[in-house]
Amino acid sequence: MDITQLQTFVRVSQYGSFTKAGEQSFISGTAVMKQINRLESELNLTLFIRKATGTELTVEGERFLPYVKQILSLLDTAVEETRKASLSGQNIITVGTSILHPAEPFMDIWKKITTQMSDFQVRIVQLQEDMQSKNREYAMLGKSCDLIVGTFDNATLKQSFKALPLGEYDFGIAVRSDNPLAKLSEITFDNLKGKSLLSVPIGISDTNDQLRKIIDDKYPQIKVVETTGRYDMNTFNQAVEENIPLITVTPWKSIHPNLVSIPLKTDVHVPYGILTTKLPGSNVEEFLMKITRLLQKKSPSI
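Per full-length UniProt numbering, the very first residue in the sequence shown carries number 1; after that it's consecutive.
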């Protein structure tokens with residue numbers, strides 16, 4: 001029995017479905033079911049009643065649930081207090097960073113307000129999993145880090161996450177350096193007529209969906225090639241190897257040495273900010289509240 005199994009047990013009890021619990025953890029419903037089956041086998045207990053419409057806790061499951069929540073809460077407290085002990089009373093906030101989700105936008109702000117946040121220390125954490133996970137920026141929250149800087153929209157916030165807005169990224173088109181489009185200072189949709197264009201599928205990003213609607217309605221000559229999910233490094237390699245233009249955003253301008261990112265002429269922009277889980281813990285909540293108050297002051301120093 002491990003912590004992941006216990007966390008999964010709580011999620012299934014909350015959402016009443018292996019599939020829905022999997023969506024919150026960004027794993028398949030089958031993977032969730034296997035975790036629960038293994039947990040039940042190790043405990044020699046039946047924790048859920050399986051139905052075609054979902055799951056329900058058994059009597060044993062209902063009795064087990066409050067103890068599991070207590071164990072997880074105690075573990076969080078233990079980790080938090082242990083971290084505090086090594087920093088002379090300072091609270092550590094871990095900020096995830098990666099090639100696809102750089103922490104620079106937040107760190108630029110942090111440098112300006114750090115003297116006003118002396119009771120906190122920021123620790124940068126490299127997210128190695130970033131290259132493999134299709135939902136990397138969300139899957140790592142609350143596990144490998146307390147917060148990350150990333151894009152968000154209604155699709156994001158329907159999940160168990162919340163965002164503190166910091167600004168907007170601009171859309172661009174990344175092309176191979178020897179592509180004729182690389183010579184342009186700005187790309188329009190007209191420039192893309194008769195060409196293929198790499199994009200995430202519909203439903204992953206509200207703002208990307210807006211671009212797709214513009215293309216579908218007004219530029220049917222553009223052939224959209226959908227990725228299998230969110231971008232990973234293989235997506236950028238594909239753009240280079242197949243010489244296909246790729247929809248991109250501001251922080252990915254220098255992500256691949258053989259790609260050139262050209263601004264896309266559009267009124268659609270991508271909100272970005274600090275992303276956390278909806279229940280990040282008291283320290284992170286306090287940290288975000290203080291930052292919010294400082295940003296709302298609109299001080300010239302920020």
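The beta carbon of each residue, even a glycine, is placed where N, CA and C say it ideally should be.
Problem set entry | Option in Pro280, Cys145, Asn44, Leu295 with minimal Cα separation from Gly61 | If we check each option's Cα against that of Gly61, Asn44 comes out closest.
Exercise. Which residue spans inside the stretch 198 to 225 form an unbroken alpha helix (DSSP H) run of at least 4?
Worked result: List check, alpha helix (DSSP H) in window: 206 to 218.
Problem set entry | Secondary structure of Leu264, DSSP reduced to three states | Residue state, collapsed to three classes: strand.
Exercise. Can you round the beta-carbon distance between Asp172 and Pro245 to whole angstroms, since I take them to be within the 8 Å contact cut?
Worked result: A small correction: the amino acid at residue 172 is Gly; Asp does not occupy that position in the sequence shown. Actually they are not in contact, since the Cβ atoms of Gly172 and Pro245 sit about 10 Å apart, beyond 8 Å.
For this session: Would you tell me roughly how many angstroms separate the C-alpha atoms of Ile92 and Glu285, rounded to the nearest one?
Result: For Ile92 and Glu285, the distance between alpha carbons rounds to 12 Å.
Problem set entry | Alpha-carbon spacing of Ser133 relative to Lys297, whole angstroms | Residue confidence for Ser133 is low, a pLDDT of 47 falling below 50, so the modelled location carries little weight; the figure read from the coordinates is stated next. Roughly 37 Å separates the two Cα atoms.
For this session: Specify the secondary structure class of Ile71 as computed by DSSP and reduced to three states.
Result: The three-state secondary structure of Ile71, taken from DSSP, is helix.
Exercise. Using a C-beta cutoff of 7 Å, does Leu164 count as contacting chain B?
Worked result: The chain labelled as chain B is not found in the depicted structure, where only one protein chain is given.
Problem set entry | Sub-7 Å separation of Asp267 and Asp206 beta-carbons | Contact: no.
Exercise. Apart from the five residues on each side of it in sequence, which residues of its chain come closer than 8 Å, Cβ to Cβ, to Asp170?
Worked result: Contacts found: Val249, Thr250, Pro263, Leu264, His269, Val270.
Problem set entry | C-alpha distance - Val95 paired with Ser144, whole-angstrom precision | Their Cα atoms are separated by approximately 9 Å.
Problem set entry | For Asp119, three-class secondary structure by DSSP | Residue state, collapsed to three classes: coil.
For this session: Give me the Cα-Cα distance between Ile215 and Ala174, rounded to the nearest whole angstrom.
Result: C-alpha separation (whole angstroms): 17 Å.
For this session: Spell out a yes or no on whether the stretch 220 to 231 and the stretch 276 to 296 are touching, meaning 3 or more CB-CB pairs, one atom from each, closer than 8 Å.
Result: No, the stretch 220 to 231 does not touch the stretch 276 to 296.
Problem set entry | Those residues which DSSP pairs with Pro271 across a bridge | According to DSSP, which records beta bridges pairwise, Pro271 is partnered with Glu168.
Problem set entry | Counterpart residues of Phe48 in DSSP-defined beta bridges | Answer is Leu57.
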